[in-house]
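Using the numbering used here, the first residue of the sequence shown is number -2, and each one after it goes up by one.
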Amino acid sequence: MTTHEFPADTARRAPRTPSPRPAERTARVDLTGKTAFVSGAAGGIGRACALRLADAGASVRLADVDADALGALADRGVGEPVVLDLTDLDAAEEAARGCDIVVNNAGVQTVSPVQDFPPERFSFILRLMVESPFRLVRGALPHMYGRGWGRIVNISSVHGLRASAYKSAYVTAKHGLEGFSKVVALEGAPHGVTSNCVNPGYVRTALVEKQIADQAAAHGIPEERVVSEVLLARTPLKRLIEPEEVAELVAYLCGDDASYINGASLPVDGAWSAS
């Protein structure tokens, strides 16, 4: 399942504020010989994670419903496409078997007051964003335990730490993912397996850019003001996060240098959660 619900070519680009790019990789991670599973790999954070882990030497299983986008990545030599609806939970569990690394990234968003929120949509979001990660990890853990090494990185959100109105299913799912991650951290520690959450704020993805366009139209203001005054109202650092910045932290957590980081929730939010 892709990390967004809107075709990338229909989302208007939000104004880009340059972010500092290091001349060399911050984390010198060697994942040669490791197999990584990345859900929602067709775009956004998932795509950036797939690229970064492949760059570190991992063999990457690219899971998504978007076969064309996965094929384009595979044509670049990035990984193996796994065209998969992650709400098919049995198939998801099977797809993750034999993996040393699992990056749970796939997600969707629906904005609605609780009293109007479609119950079937609420159930779908929890199935995709809580039950599916459980099944992926369940499928991968026997191999990880057998090797005495494993890394699970859950792409959570600041909404796994804080709530926002009108996002009941998303906030519930991310809080559930946080709890699941911590349980896996406790159980996996004796087996050399770590489990952590990465908690981004607003990342430059098609999902967020669609929200920006919708907010601009609803409020009759430029997209630049939506970013600075609506989305980032509580964030001291007034720019969107680039997917590659999130992927760099994910790569570090997958490396041996991060072996004592376990059960953590690591904000990448420009100090939003500190305010």
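Ideal Cβ positions, reconstructed from N, Cα and C, are used throughout, including at glycine. Owing to the predicted nature of the structure, the values given are computational and were not obtained by experimental measurement.
Got a sec, what are the start and stop residues for the beta strand (DSSP E) residue i sits in?
i, result
"A33", "T32 to S36"
Taking the alpha helix (DSSP H) that residue i belongs to, which residues open and close that run?
i, result
"D211", "A203 to H216"
"E90", "L86 to A92"
"L59", "From DSSP, L59 is part of no alpha helix (DSSP H) but of the beta strand (DSSP E) over S56 to D61."
"V243", "P240 to C251"
"G260", "Counting along the chain, G260 falls outside any alpha helix (DSSP H), and DSSP gives it neither H nor E."
"G68", "A64 to D72"
Just how far apart, CA to CA, sit residue i and residue j?
i, j, result
"S272", "G143", "43 Å"
"F3", "D61", "With a pLDDT of 27 at F3, under the threshold of 50, the modelled position of this residue cannot be trusted; read the value that follows with caution. Their backbone Cα atoms lie some 14 Å apart in a straight line."
"L67", "G41", "13 Å"
"I258", "D85", "31 Å"
"S262", "V150", "10 Å"
"G54", "P240", "19 Å"
"A38", "A182", "24 Å"
"L250", "W146", "13 Å"
"A103", "S256", "24 Å"
"L174", "S192", "11 Å"
"P219", "Q212", "9 Å"
"D82", "A93", "13 Å"
"G176", "V35", "20 Å"
"V168", "L138", "26 Å"
"E128", "H140", "20 Å"
"W269", "V195", "14 Å"
Tell me the DSSP secondary structure of residue i in three-state form.
i, result
"V265", "strand"
"S272", "coil"
"K179", "helix"
"K235", "coil"
"I122", "helix"
"S129", "helix"
"S225", "helix"
"P110", "coil"
"P197", "strand"
"S154", "coil"
"N101", "strand"
"R147", "Correcting the residue identity first, residue 147 is Gly in this sequence and not Arg. DSSP places G147 in strand when its eight states are reduced to three."
"T29", "coil"
"A51", "helix"
"L174", "helix"
"A230", "coil"
"G95", "coil"
"P116", "helix"
"R135", "helix"
When DSSP builds the beta bridges, which residues end up paired with residue i?
i, result
"G43", "The partner list for G43 (beta bridge, DSSP) is empty, contrary to what the question assumes."
"P78", "L59"
"K164", "S109"
"T191", "R148"
**Request:** For the segment 95 to 109 and the segment 132 to 141, state whether three or more C-beta atom pairs, one from each stretch, are separated by less than 8 Å.
**Result:** Yes, since at least three Cβ pairs between the segment 95 to 109 and the segment 132 to 141 fall closer than 8 Å, the two stretches touch.
**Asked** Should the segment 194 to 209 be called in touch with the segment 160 to 167, which here means at least 3 C-beta pairs below 8 Å?
**Response** no
**Message:** Under 8 Å: do the segment 64 to 81 and the segment 100 to 115 share three or more Cβ pairs, one atom per stretch?
**Reply:** no
**Prompt:** Okay, do the segment 47 to 60 and the segment 69 to 81 touch, 3+ Cβ pairs below 8 Å being the bar?
**Reply:** yes
**Request:** Would you check if the segment 207 to 225 and the segment 186 to 197 touch, i.e. whether three or more CB-CB distances between them fall below 8 Å?
**Result:** no
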